[in-house]
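Residue numbers (the working numbering): 12 to 247.
All C-beta atoms in this analysis are idealised placements derived from N, C-alpha and C, irrespective of residue type, glycine included.
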């Protein structure tokens, strides 16, 4: 998972603050780009600044959270939205955030598919929270089975598009940008995720010449030498 203290996350945070963005939609062009990781890191960065922050998981294509009920007597709550507005936990890394998980059934998703209804929900959330971060489905996978990302992005103050290095094509990126522009989504910028990209030193150390030809003591010396210089830490 991405750290909330990364320089890139800090730059996004500052840019969003300068634009006075209270609601942020984080999306990606395709699955596996790291949308959830960035949305969580940004949420944690808001929390570090003292903002009451709500994490909204609308990524129905690849849901990563489960709800943790903390109410003493949930049976007394009749409003489903209030019942679901609780603590949520990531299924794999087990981080807990204040959040809301979109319902699975299409009938219960309808209020979030309608722009005006979603706007009312967002306004209601912002009465309690200082910031709201939406984790949405990839634009390439938006269909009738999930909440349209463009609808969410249109209602937010800012939209961040996550792109994965070496996996996203020019066509998919341009298509995603075109969808956001066509639907009048307030676009902030692109976050380039290099989590699958190796550094120059890793490429050199994994090469057959390095592993099979050079003596082990020479390999260790070269590894130490490359670790001292930023040139060898650059992504290839």
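- CA-CA distance, residue 159 to residue 212, rounds to 41 Å.
- The beta carbon of residue 59 lies closer than 7 Å to those of 15 in the same chain, with the five residues before and after it left out.
- The Cβ neighbour count for residue 164, taken over all protein chains shown within 10 Å, is at least 16; the residue is labelled buried.
- CA-to-CA, the gap between residue 119 and residue 112 works out to about 12 Å.
- With a cutoff of 8 Å on beta-carbon distance, residue 68 and residue 146 are scored as near each other.
- The beta-carbon distance between residue 171 and residue 35, rounded to whole angstroms, is 7 Å. This is short enough to meet the 8 Å contact definition.
- The beta carbons of residue 199 and residue 26 sit closer together than 8 Å.
- In this chain, the beta strand (DSSP E) harbouring residue 100 covers 97-101.
- In the structure shown, the three-state DSSP call for residue 71 is coil.
- Here residue 176 is near residue 203, since their CB atoms are less than 8 Å apart.
- Between residue 137 and residue 33, the C-beta spacing is below 8 Å.
- Taking the C-beta atoms as reference points, residue 115 is found no nearer than 8 Å to residue 72.
- As the crow flies, the alpha-carbon of residue 218 is around 10 Å from that of residue 224.
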